[in-house]
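Right, one structure below, let's go through it.
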Amino acid sequence: MRTPSAILTKVALAMALVVSFAVPAEEEPTLDLPPAPSEDVKQIKEVCLELITEQEIPLEEQEGYLLTCVNDQLFEMGYLAVVQQDLD
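Mind the numbering: the sequence shown is residues -25 to -1, 1 to 63 in mature numbering (1 follows the signal peptide of the UniProt record, and there is no 0), read in order.
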């Protein structure tokens, strides 16, 4: 015989699954941002490269870290994100 707590746990889990599928995922807002001036991208890249060194980011993670770091800063400044080729 199942205990009441086991039954409640299964019911709660089932309800959580139903709710997670019923609620649509939020989409990223489409922002009409201007591209950043190349000098700004260059300066932000230099700062992010310094952070990679200071934080001792492993080599295999550096490319992704750099792109994320630069794009986070650009977004904070109100600019459009860049792609990896823009940083090469």
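All C-beta atoms in this analysis are idealised placements derived from N, C-alpha and C, irrespective of residue type, glycine included.
Predicted model, so just to flag it, every value in this text is computed and none were measured.
Quiz item: Which whole-angstrom value describes the C-beta separation of L55 and L8, a residue pair presumed to lie in contact below a C-beta threshold of 8 angstroms?
Solution: 4 angstroms
Quiz prompt | Cα-Cα separation between L24 and L41, rounded to whole angstroms | solution = 7 angstroms
Quiz item: How should L34 be labelled, buried or exposed, when 16 other C-beta atoms within 10 angstroms of its C-beta is the threshold for buried?
Solution: exposed
Quiz item: Residue range of the alpha helix (DSSP H) that Q37 falls in?
Solution: 34 to 51
Practice problem: Give the range of the alpha helix (DSSP H) segment to which V22 is assigned. | Solution: 13 to 29
Quiz item: Measuring CB to CB, does E38 end up less than 9 angstroms from Q18?
Solution: no
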